[in-house]
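*Asks:*
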Amino acid sequence: MAQVSITVNGRRRTAEVEPRLLLVHFLREHLDLTGTHVGCDTSQCGACTVLVDGRSAKSCTIFAVQADGSEVTTIEGLAKGDDLHPLQDGFWEEHGLQCGYCTPGMIMSSVNLLEDNPSPTEAQIREGLDGNFCRCTGYQHIVNAVQNAAARRSS
Amino acid sequence: MSAAPVLPKLVGERVKRREDPRLVQGHGTYVDDVKIFGLRHAAFKRSDVAHGRIRSIDTGAAEAMDGVEAVFTGTQIAEFLDPMPIGTPFPSPEHRAVATDVVRYVGEPVAVVVAADRYTARDAADAIVVDYETRPAVVNPEVAMTGHPTVIHADFDNNLAVPLVPSGTGVSPDGKTVDDSVVDKAFADADVVVSQRMVNQRLAPTAMEPRGVVAHYERGKGTMTVWSSTQNPHILRTFVAKLNGMGEDEVRAIAPEVGGGFGAKINIYGEEYVVSALSKRLGLPLKWTEDRSEAFLATIHGRDIIGYVDIAATRAGKVLGLKLRLIADVGAYNMLLTAAIPTLTMLMANATYDIPAIRTTLTEVFTNKTPTDAYRGAGRPEATYFVERGMDMLARRLDMDPAELRRRNFIPADRFPYKTQMGAVYDSGDYAKALDRALGNAGWQELQRERDAARAEGRLVGLGLAMYVEVCGLGPSASLPTGGWEHSQVTVERDGRISATTGASPHGQGNETTFAQMLADQFGVPFEHVRIHHGDTGVVKQGIGTFGSRSQAVGGTALHLAGAKVREKMAKFAAALLEAHEEDLVFEDGRISVQGSPDTGKSFAEVAAYAYVPVPLPAGLSPGLSEEAFFEPANNTYPFGCHISMVEIDRDTGELALLRLVAVDDAGNLINPLIVEGQIHGGLAQGIGQAMIEEVRYGGDGQPLTGSFMDYAIPRAADLPRFELDATVTPTPVNPLGAKGVGEAGTLGSTPCIVSAAVDALSGFGVTHVDMMLRPEKLWQIIHGGQA
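Quick note, the sequences are listed as chains Y and B, same order.
For the record, in the first sequence the residue sitting at position 148 is 148 according to the numbering used here, with numbers rising by one throughout.
Going from the second sequence to the numbering used here is simple: count from 1 and add 1000.
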């Protein structure tokens, strides 16, 4: 067992974990933060995307011990109280989700995307979300959602 | 004078979804999020051979692990769990949830572990050692149907799950007598016949949430609660109760948030039976969560049908006859609806055309592959693909515009309801209208000029067009062994808020929103005052579920009818309070008042309160405002549309780019166009995926070659263009809403229109057909003279 200390959504969490424990399972099963989902086991789908030290990362591809000392933000940590993050609002406004399973990962990747490029073109959004699968929406409303959020952020 | 209503009418509006605030904040509860005190975890040991007899299973190492509670082999499970039932009347081989003797596909369960946590359960499953006496495997259905090199089920000669079934012109309703004379004459009279063997390849549904189940048998009460990622909790309850020897009153099935289904979560799977049976046996709550690699093996696949298509026509382009010989590879076993799915391909062979003579035949074949069953469209995309590709080949042979050929053969708009050669009764349609709209939106003639100009520059650009009609709103009970109705209960609560239940259990369709829109309008109350409950047999008294694009057409209608009953009763209470005639009352802006004098009315909440404390009780009324309705449609609905695509193939790499996709879909009346667009987008993406990049593949030894997202591609955002949608509206007479259903539409027109566009782009190379998927290697070889 190994001790990890990870700041998750602003709160420091310390635990004894198996060295092989994936970060996503640490979040879901040790901290009950079940908004981060598991959609594959090969790092393709991006449903498990969180921010590690401000950068999007697939939490199924990181051991909890590798995140020791990091700051992690999950979908639960994005809204400020009752105020949704612009991307959360954008996804709601533009019907950017159906079943909602890929949505937390899609939003976390989009947060990183807009940090890097506050006013992306449609093609840049599509390329930027290359690591996130959605089987429901055909992505068009997701693109609209990111554009909507970009406009909110800049206004 | 009455003032204009303050509350806007919501039906037909692009209302933002009620479901989304919880989902965008990670507050949805999917089945793997369910935690119960004392919860144990199950993991399955699965066969890694495609066909073989189990010589021995050594569970010793697994049982010795810390944290392992129990290990069960198939033989042990069979002592207390009957074989899996199916939902079709076809003969079916015995199918154990966990194999006892012979395994027939890679991924078939052979043992199950119960452990304290997920990781230990997996470790223990991996530690089980199985010794197999391997047998030859067969993965090609046309080989399997010779009975060589192996017979998969002893009682099914030549691996025929369903021996040849004829249908269409000249076939008696019982299928026993077949008169080919009309069809033969059509082909004898034809100026031209096009013939092609086509493969509608095997696909993996891949809902982003894999399957999962939690079962909690409570010994003290003798009841069981089962949470499952399912499209139909009521059907799940029926089957789980039956196999556990329990009454339906003793089992509660819950579909929490369900992360996509696409037909694959209609089935009742072995894991659901085993986890519930073990929970009961061990007296413990138990969870199993499928991982993605398991899902590729153990969740049903879709499609996998070979079609031999022959179309007979005159030189002027009038189709005289169609033959469609179908060979469906159903994999190793019959699941819930497996055997019935390809019959829908036969049913829809008439497509949108007035074809006077049709002969279809269907043979279903067992192979050593994962079982197939319903996947978005379920039999209808296959029919559309075969017929539309055939029509495109005919247009090319006749050197006729593909749109013009369609137009010459449409069932005319004035001939509905129209009984097809296949026995379907199309409810309503105006196919020429959808075609014209699509041609106009695409700028068809301009596109043809663009294509020709691009070709003159040496670019490989092509155009494709496809019509579709599908069978939706399933369906009368005669067509569904589970029953084809839907149920709803609508309650006006004592405070005037509205609670409603629906048996149409959603997994992304947004019923909480669309159904609330309907009730808000029906009662003239704010949208925020209406709540829709679903997905829990403890709350929703009865139901069938969500599949076959039936939520709105069947479930929505049941809701509407239940609402109408409550409204009628509430009007009687209001009439008593207002000393007015109930037929003079209007429900508007949260008030019930006499038409034309809103100031005289009572608030909705006041009338509700009176109905629950009815002093005095009006004559003939009982207290309360809660009514239910079952709705059984008299017929299916038949939505239709036209899809047009433009593609370009890179001459150097063979890579196909989809430049444009123009869709006109007619689903009848629409409740929420925003949600409808989302449904069509998603369907298009799956159809485009099938056309371009998706295919489940097996080696000749039955080993899956597409066992993860590393090998099985689904569309990413950058693979798709911005879709150009439009709608025509031809209401159905089958239900009072006029709604036809839209969940599957996108998968129908997209595949043939893209393949036809690719063939068009490659027409300079003498190509008349290319089977899906259109992977670059295949196209490159056509361009560069190799074998495709």
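Glycine included, C-beta positions come from ideal geometry on N, C-alpha and C.
Since the structure is predicted, the reported quantities are computational estimates derived from the model, not experimental observations.
Report the three-state DSSP secondary structure of B/Tyr1333 (helix, strand or coil).
*Replies:* Coil at B/Tyr1333, not helix or strand.
*Asks:* How long is the line joining the alpha carbons of B/Pro1136 and B/Ala1328, rounded to whole angstroms?
*Replies:* If I take the Cα positions, the gap works out to 21 angstroms.
*Asks:* Would you check if the distance between the CB atom of B/Ala1516 and the CB atom of B/Gly1555 is smaller than 8 angstroms?
*Replies:* The answer is no: Cβ separation not under 8 angstroms.
*Asks:* Does B/Met1208 get closer than 8 angstroms to chain Y when you measure Cβ to Cβ?
*Replies:* Chain Y contact via Cβ: present.
*Asks:* Sorted by chain position, which residues of the same chain lie with C-beta nearer than 6 angstroms to B/Ala1574's C-beta, five sequence neighbours on each side aside?
*Replies:* Here the set comprises Leu1585, Ile1592, Val1607.
*Asks:* Within the region 1214-1245 of chain B, note down every full beta strand (DSSP E) run reaching 3 residues or more, in order along the chain.
*Replies:* Within the region 1214-1245 of chain B, the complete beta strand (DSSP E) runs of at least 3 residues are 1223-1228.
*Asks:* B/Ser1092 by DSSP, collapsed to three states: which one?
*Replies:* Here B/Ser1092 sits in coil by DSSP.
*Asks:* Chain B partners of Y/Ala47, CB-CB under 7 angstroms?
*Replies:* Going along chain B in sequence order, the residues near Y/Ala47 (Cβ under 7 angstroms) are Met1208.
*Asks:* What are the start and end residues of the alpha helix (DSSP H) that includes B/Pro1381?
*Replies:* 1380-1398 is the span of the alpha helix (DSSP H), which, as asked, contains B/Pro1381.
*Asks:* Here's the rule: buried if 16 or more other CB atoms are within 10 angstroms of the residue's CB, otherwise exposed. What is B/Asn1409?
*Replies:* Buried, by the Cβ-count rule.
*Asks:* In or out: B/Val1525 buried (at least 16 other Cβ within 10 Å) or exposed?
*Replies:* Burial call: buried.
*Asks:* Ends of the alpha helix (DSSP H) at Y/Leu87?
*Replies:* 86-93 is the extent of the alpha helix (DSSP H) around Y/Leu87.
*Asks:* Does the region 1686-1697 of chain B come close enough to the region 99-108 of chain Y that 3 or more CB-CB pairs lie under 8 angstroms?
*Replies:* The answer is no - the region 1686-1697 of chain B does not touch the region 99-108 of chain Y, with fewer than three Cβ pairs under 8 angstroms.
*Asks:* Measure how close the beta-carbons of B/Gly1654 and B/Pro1776 come, nearest whole angstrom, since I'm counting them as under 8 angstroms.
*Replies:* Right, the Cβ-Cβ distance comes to about 4 angstroms (below 8 angstroms), so this counts as a contact.
*Asks:* Pull up the distance between the alpha-carbon of B/Ala1403 and that of B/Leu1347, whole angstroms please.
*Replies:* Cα to Cα, B/Ala1403 sits roughly 24 angstroms from B/Leu1347.
*Asks:* Where does Y/Tyr139 land, buried or exposed, given buried means 16+ other C-beta within 10 angstroms?
*Replies:* Per the 10 Å Cβ criterion, buried.
*Asks:* Can you name the residues of chain B whose CB is closer than 9 angstroms to the CB of Y/Val143?
*Replies:* By Cβ distance, chain B contributes Ala1717, Arg1722.
*Asks:* At what residues does the beta strand (DSSP E) containing B/Val1468 begin and finish?
*Replies:* First, the residue type needs correcting, since residue 1468 of chain B is Tyr and not Val in the sequence shown. Where B/Tyr1468 is concerned, the enclosing beta strand (DSSP E) stretches over 1460-1469.
*Asks:* So if DSSP puts Y/Gln124 in a beta bridge, which residue, or which two residues, is it bridged to?
*Replies:* Paired residue(s): none; Y/Gln124 is not in a bridge.
*Asks:* Give a yes or no on whether 8 angstroms exceeds the smallest Cβ distance from Y/Gln140 to chain B.
*Replies:* With 8 angstroms as the cut-off, Y/Gln140 counts as an interface residue toward chain B.
*Asks:* Count the other CB atoms within 10 Å of the CB of B/Ala1154; is the residue buried (16 or more) or exposed (fewer)?
*Replies:* By the 10 Å Cβ count, B/Ala1154 comes out exposed.
*Asks:* Can you check which of these residues, Y/Asp116, Y/Glu122, Y/Leu78, is closest to Y/Gly105 by C-alpha distance?
*Replies:* Of the candidates Y/Asp116, Y/Glu122, Y/Leu78, the one whose C-alpha sits nearest the C-alpha of Y/Gly105 is Y/Leu78.
*Asks:* What does Y/Ile107 touch in chain B if you count any residue whose Cβ is under 7 angstroms from its own?
*Replies:* Residues of chain B passing the Cβ test: Val1024.
*Asks:* Determine whether the Cβ of B/Glu1446 lies closer than 8 angstroms to any Cβ atom of chain Y.
*Replies:* No, because no Cβ of chain Y sits closer than 8 angstroms to the Cβ of B/Glu1446.
*Asks:* Quick check on the burial criterion: 16 or more other C-beta atoms within 10 angstroms. Buried or exposed for B/Met1570?
*Replies:* The residue is buried, with at least 16 neighbouring Cβ atoms inside 10 Å.
*Asks:* Tell me which residue opens and which closes the beta strand (DSSP E) that B/Pro1752 is part of.
*Replies:* Segment 1746-1761 is the alpha helix (DSSP H) holding B/Pro1752; no beta strand (DSSP E) there.
*Asks:* By the 10 Å Cβ neighbour count, where 16 or more other Cβ atoms means buried, how is B/Asp1304 classified, buried or exposed?
*Replies:* Buried: at least 16 other Cβ atoms inside 10 Å.
*Asks:* Smallest Cα separation from B/Lys1565: which of B/Val1098, B/Lys1185, B/Thr1343, B/Val1490?
*Replies:* Comparing Cα positions, the closest option is B/Val1490.
*Asks:* Classify B/Trp1288 as helix, strand or coil using the three-state DSSP reduction.
*Replies:* Correct three-state label for B/Trp1288: strand.
*Asks:* Check each candidate in B/Glu1142, B/Ser1172, B/Asp1179 and name the one with the smallest Cα separation from B/Pro1163.
*Replies:* Nearest option by C-alpha distance: B/Glu1142.
*Asks:* Is any non-hydrogen atom of the ligand MG found closer than 7 angstroms to the C-beta of B/Ile1311, if you look at the structure I gave you?
*Replies:* Of ligands this structure carries none, so the ligand MG is not represented either.
*Asks:* Nearest by alpha-carbon distance to B/Ile1128: which of B/Pro1085, B/Ala1116, B/Asp1184, B/Ser1056 is it?
*Replies:* Cα-wise, what sits closest to B/Ile1128 is B/Ser1056.
*Asks:* Starting from B/His1041, trace the beta strand (DSSP E) in both directions and tell me its first and last residue.
*Replies:* It spans 1040-1046 - the beta strand (DSSP E) in which B/His1041 sits, taken as one unbroken run.
*Asks:* Can you check DSSP and say which residues form a bridge with B/Lys1602?
*Replies:* Answer by DSSP bridge pairing, in chain order: B/Ile1592.
*Asks:* Straight-line CA distance for B/Lys1221 to B/Thr1372?
*Replies:* One C-alpha to the other measures close to 38 angstroms.
*Asks:* Please identify the residue among B/Tyr1712, B/Cys1472, B/Pro1093 whose C-alpha is closest to the C-alpha of B/Ala1161.
*Replies:* It is B/Pro1093 whose Cα lies nearest to the Cα of B/Ala1161.
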